[in-house]
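See below for the structure under consideration.
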Amino acid sequence: EFDSEFERNSGDLQMPQEIAMFVPKKTQVVSRSGGECKVKDIFASPALVRASGVMIAFVEGRTKHTDFPEAIDLSSSDIVAGYIKAPETWQSLVAEVTKDDWKAHTVLESANNSKYRVGVAKLPTGITRGNKVFLLVGSYEERRQNDDDTWKTEAWNIKVIEGEATQSTEVQPSQPINWSEPKPLFQTDSPNNKGDLKEFLGGGGSGIVMGNGTLVFPLTAKDESNKVVSLITYSTDDGQKWEIPEGVSSVACRSPRITEWEEGTLLMVTYCEDGRKVFESRDMGKTWTEAFGTLLGVWLKSGPELPEVSLRVGALITATIEGRKVMLYTQKVRHFLEVDEPNALHLWVTDNNRTFHLGPFSVDCAENKTFANTLLYSDDALHLLQAKGDHESTAVSLARLTEELNTINSVLSTWVQLDASFSESSIPTAGLVGFLSNTTSSGDTWIDGYRCMNATVTKAAKVENGFKFTGPGSRATWPVNSRWDIKQYGFVDYNFTIVAMATIHQVPSESTPLLGASLRGNKRTKLIGLSYGAGGKWETVYDGTKTVQGGTWEPGREYQVALMLQDGNKGFVYVDGVLVGNPAMLPTPEERWTLE
């Protein structure tokens, strides 16, 4: 039984080691001029990059504006950087950050702070190429209006700051990056396509360097209807000039995370009013096409029963690990089913065929919640920088995911080996997500050869390369897309093929299910299935309706059974490569969600 619902156990939590880099009211922050040091009330919006052996953590350093107590959420903010020059081991990293003289440094100071004007620098977004660092920062001012004592957001701006790693002879130089003066992203002497867009900000986290050397930053802006959209800016001349292509996401989409997957193809994951959406562009952002269920097979387009916040991607990067190009991304899910909102941060790795998850790295409580986070894979090490705390006081901590990376290496090695073994046979590996064969655990778990999603076996006996199912309730359930499932193989709502080798040993007294697929919450209704009847006839099942077909089966003979869903609503059943009966038109995913 191919199923999309199951409940999972929380398991034992093993959190990675972490070090608090930016601590409210404690971490000393040096001014841009290198003079006085101050502390901040809140640190937020982390970004993490590495250049010439220097790891650089960027954050917003916020100071609460206390002149008007009624403006409780009003804070000025600068962009602050923390430098780590010796991260060869975790111990050396911790030793450096915990030195008495370790300080953070201001990269961009908000301007014009006064009683009636509060400068805000937002969402640092970083890229590195060689020894160069490119930092994108949006800013604005909150100005108090004399006529009605309200605050108005004005003076929007977005700038790029370029830094270069120094070749200092000091073992631990205080400023390992030389920063230039900020430059406006929009050059007045060059055309751009920003059109009616306004209020630009960086996407936060990291931008990318494409395979051809192009630098790309994610952006957000507001359109003429005052709705937030996501887009990109890019430079083909090492940051001398930045282009703004005219293409944008659909409206009400923010928090863009970008990467290059296929050569020249950009992927952008956004958080929208109706859930997470994934867009692709093959023309450098001139146009964006929503991509779900096909290109990004392991990623889920939200249905109405899924709170859209549960689909927000925190960080997204591309890396080559164990010789295989993969994407790594973070996401919060429910650690316990009874909680009201996602509360546990997990990590996924995918090669766009299959996905594997690790975590949780943290579980929220009332006093300590995880907010923004970012990933960095560099020099065979994986780091996670995350903001944690409450809305009144947020710190930013760094963790090295050593054990998690070891697990990822092992899993990817398994993928490579299994793909290689299949390549010597007739089994295709393109799009192959899972494989159940001869591996089991404790008698009731049928282990996926790719180590991603196991099946649960009930009242069955182990035989070579499978199980023998006898009697009522004897079955195997392979959960791949539960609404609570942290694996989220959402592509099955639109396209899948499941193939099984099956032998029927006895003639039943009544119609008996052989293989079936139920999607999302409706476990009782088989969307696609095959049964065998007492009269030796095959019986197809489409949307819960059973139809006796002309084809026959024989006891003791092995059959290859395949169920297929295409384009979300076209169903097929095959036996030994031959279509059984006719294809069926099924309810669309949206229609199925409405019926749940």
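Taking our numbering, the leading residue of the sequence shown gets 34, the next gets one more, and so forth. We treat Cβ as the ideally placed atom computed from N, Cα and C, and that holds for glycine.
Assignment of Ser456 by DSSP, reduced to helix, strand and coil, places it in the helix class. 8 Å or more divides the Cβ of Trp586 from the Cβ of Gly614. Under the three-state reduction of DSSP, Ala463 is assigned to coil, being neither helix nor strand.
Contact between the region 118 to 131 and the region 73 to 81 is absent: fewer than three C-beta pairs spanning the two stretches fall below 8 Å. By the neighbour-count criterion, in which 16 or more other beta carbons inside 10 Å mark a residue as buried, Pro79 falls on the buried side. In the DSSP annotation of this structure, the continuous segment of the alpha helix (DSSP H) that includes Trp123 starts and ends at Trp123 to Val130. Under the 8 Å Cβ criterion, the region 147 to 165 counts as touching the region 235 to 243, having at least three qualifying pairs.
Asn245 counts as exposed, since fewer than 16 other C-beta atoms from the protein chains shown sit within 10 angstroms of its C-beta.
For a cut-off of 8 Å, the C-beta gap from Leu349 to Glu437 is around 16 Å, too long to register as a contact. Here Leu451 carries a helix assignment [DSSP, helix/strand/coil]. In this chain, the beta strand (DSSP E) harbouring Cys305 covers Leu299 to Cys305.
In the three-state reduction of the DSSP assignment, Leu619 falls in the coil class.
Linking Gly566 to Asn498 through their CA atoms gives a straight-line distance of about 25 Å. Listed in chain order, the non-local C-beta contacts of Arg345 below 6 Å within the same chain comprise Tyr304, local neighbours out to five positions each way being set aside. Within the same chain, Cβ atoms closer than 7 Å to the Cβ of Gly577 are found at Thr558 and Lys559, the five residues on either side in sequence being excluded. Between Glu572 and Ser551, the C-beta gap is not smaller than 8 Å, which leaves the two residues out of contact. If you ignore the 5 residues before and after Lys165, its C-beta comes within less than 6 Å of the C-beta of Glu197, all in its own chain and listed in chain order. Spatial neighbours of Asp609 in its own chain (CB-CB distance under 8 Å, excluding positions within 5 residues in sequence) are listed in chain order as Tyr592 and Gln593. The C-beta distance from Leu141 to Ala128 rounds to 29 Å, too long to fall under 8 Å, and the pair is not in contact. Where Lys165 is concerned, the enclosing beta strand (DSSP E) starts and stops at Lys165 to Arg177. By the neighbour-count criterion, in which a residue is buried when 16 or more other Cβ atoms sit within 10 angstroms of its Cβ, Met360 is buried. CA-CA distance, Asn145 to Gly171, rounds to 15 Å. Taking the Cβ atoms as the reference, Ser213 lies roughly 5 Å from Glu195, within the contact range of under 8 Å. Counting other Cβ atoms within 10 Å of its Cβ, Tyr149 stays below 16 and is therefore classed as exposed. Counting only unbroken stretches of 3 or more residues, the beta strand (DSSP E) elements lying wholly within the region 230 to 312 are 231 to 235, 248 to 255, 261 to 268, 286 to 293 and 299 to 305, in sequence order.
Cβ neighbours of Pro588 within its own chain (closer than 8 Å, five residues either side excluded): Ile537, His538, Gln539 and Val540.
Spatial neighbours of Val281 in its own chain (CB-CB distance under 6 Å, excluding positions within 5 residues in sequence) are listed in chain order as Val262 and Leu264. For the pair Pro215 and Leu168, the Cα-to-Cα distance works out to about 9 Å. Boundaries of the beta strand (DSSP E) around His138: Ala137 to Leu141.
Counting only residues of its own chain and dropping the five nearest sequence neighbours on each side, Cys70 has a CB closer than 7 Å to the CB of Gln61, Val62, Val63 and Lys136. In the structure shown, Glu93 adopts extended strand secondary structure according to DSSP, grouped into three states. In the assembly as shown, Pro289 is a buried residue. Its beta-carbon has 16 or more other beta-carbons within 10 Å.
With contacts defined as CB atoms closer than 8 Å, Ser446 and Glu296 fail to qualify as a contacting pair.
A distance below 8 Å separates the beta carbons of Asn376 and Lys365. Taking the Cα of Pro505 as reference, the smallest distance to any Cα among Glu103, Ala533 and Ser542 is reached at Ser542. Per DSSP, reduced to three states, the secondary structure at Arg345 is coil, with no helix or strand assignment.
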